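Only one structure is covered here, and it is reproduced in the block below.
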Amino acid sequence: MKIIQFQNVTVSYENRIALEDVTFDLEEGEFLGIIGPNASGKTTLLKTILGILKPVKGTVLVFGEDLAHNGHIRSNIGYVPQKEYIDPTIPFLVKDLVLMGRYAKIGLFKRPSREDFRLMEQVLRDVGMDDMEDEPVGHLSGGQLQRILIARALISEPRILLLDEPTTGLDVNSQIAIIRLISKLHKEKELTVLFVTHDINTIINHCSRVMYLNRRIYAIGKPVDVLNEDVLRRVYGTDVRILAFNGAPYVAVSDHHA
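Per full-length UniProt numbering, residue 1 is the first one in the sequence shown, and the count goes up by one each step.
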């Protein structure tokens, strides 16, 4: 089943074209890595799927429906935004933050039910944080907070999970742990995953397809089929080399300022 469909989509953001003539389909259960430099339209693509941004041209279908006319579809999409700031002085507990992800299903002013609390405990187990539900959010490390934000996205029981640079600002060990967690959740929960990053090395071994995006799509396909220096140079606008590292390809980009 085609779960996401873009047809000749152009999106304008802050008086500039952020996406131009973007066309692709995504099958249910895929893990798509969306790769590109900063300000290349990656976040815009996710916000268009969510219905936050509207195309100025083209058609976007999610579950075969137009989000503009079927807002209920949004509750089937989990979203982990980029660089979310949470004031550590606000007395939020982990369980409070996770339960916020349930309001799309239960309504903003309704009290969580016993089932909602059961789901909260389940998603905390899923992300390896089941012993932290009563911990103040301000006490969490960067890697722990990212796991909690993933749990918040999962509690709505989504079929699609969108992640916007979820490893940014984390140390190497935390980055690896988050990638492995997402890969595990993708398989166990049969999720459709869209993972945005500027660093292809982060997810090259985990995704079923890769999209190279810099306002428009330069290539989309299986990693082994689209791992091409010439294409990557055009995407990043700088020198790119594909090297061998421990028997696997490693993409070296000389500059990320594109």
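Using N, Cα and C, we set each Cβ at its ideal position, and we do this for glycine too.
Note that the structure is predicted; figures quoted are calculated from it, not measured.
Which stretch, first to last residue, makes up the beta strand (DSSP E) that contains F117? Working through the sequence shown from its first residue, we reach residue 117 at position 117. Segment R114 to D126 is the alpha helix (DSSP H) holding F117; no beta strand (DSSP E) there.
CA-to-CA distance, S12 to L19, given in whole angstroms: Taking the sequence shown and counting its residues from 1, one reaches residue 19 at position 19. Taking the sequence shown and counting its residues from 1, one reaches residue 12 at position 12. Whole-angstrom Cα-Cα distance: 7 Å.
Secondary structure at R16, three-state DSSP: helix, strand or coil? For the purposes of this step, residue 16 is taken as the residue at position 16 of the sequence shown. Strand at R16.
Residue range of the unbroken alpha helix (DSSP H) whose run includes R233: Taking the first residue of the sequence shown as 1, we reach residue 233 at position 233. Per DSSP, R233 belongs to the alpha helix (DSSP H) from E229 to Y236.
H256 by DSSP, collapsed to three states: which one? As a first step, residue 256 is located in the sequence shown; it is residue number 256 there, counting from the start. Its pLDDT being 48, under 50, H256 is placed unreliably by the model, and the measurement read from it follows with that caveat. The answer is coil: DSSP assigns H256 none of H, G, I, E or B.
Less than 8 Å separating the beta-carbons of G58 and V9? To locate residue 58, count along the sequence shown from 1; it is residue 58. To locate residue 9, count along the sequence shown from 1; it is residue 9. Yes, Cβ-Cβ distance for G58 and V9 is below 8 Å.
Closer than 7 Å by C-beta to L53: which residues in its own chain qualify, once you throw out the five before and the five after it? Chain order, please. Along the sequence shown, one-based indexing puts residue 53 at 53. Around L53: V11, Y13, T44 and K47.
C-beta atoms of P112 and R102 nearer than 8 Å: Here residue 112 refers to the residue found at position 112 when the sequence shown is read from its first residue. Here residue 102 refers to the residue found at position 102 when the sequence shown is read from its first residue. A contact, by the Cβ cut-off of 8 Å.
By the three-class DSSP mapping on this structure, what secondary structure does E27 have? The residue you call residue 27 lines up with position 27 of the sequence shown. The DSSP-derived three-state label of E27 is strand.
Compare the Cα-Cα distances from Q5 to each of N76, V62 and T89 and report the closest residue. In the sequence shown, counting from the first residue as 1, residue 5 sits at position 5. Comparing C-alpha distances from Q5 to each of N76, V62 and T89 shows the shortest one belongs to V62.
Here's the rule I'm using: 16 or more other beta-carbon atoms within 10 Å means buried, otherwise exposed. How should H257 be labelled? Numbered from 1 along the sequence shown, position 257 holds the residue referred to as residue 257. Caution applies to H257, whose pLDDT of 43 falls short of 50 and renders its modelled position unreliable; the value that the coordinates give is listed next. That one is exposed.
With H, G and I counted as helix, E and B as strand and the rest as coil, what does DSSP make of N246? Taking the sequence shown and counting its residues from 1, the one referred to as residue 246 is at position 246. DSSP places N246 in coil when its eight states are reduced to three.
Taking its Cβ as the centre, do 16 or more other Cβ atoms sit within 10 Å of L243, making it buried, or is it exposed? Reading the sequence shown from its first residue, position 243 is the one you call residue 243. Exposed.
Span of the alpha helix (DSSP H), counted from its first residue to its last, around L97: Counting from 1 along the sequence shown, the entry for residue 97 is found at position 97. Segment V94 to M100, the alpha helix (DSSP H) holding L97.
With DSSP run on the structure shown, which of helix, strand or coil describes Y85? Numbered from 1 along the sequence shown, position 85 holds the residue referred to as residue 85. Reduced to three states, the DSSP call for Y85 is coil.
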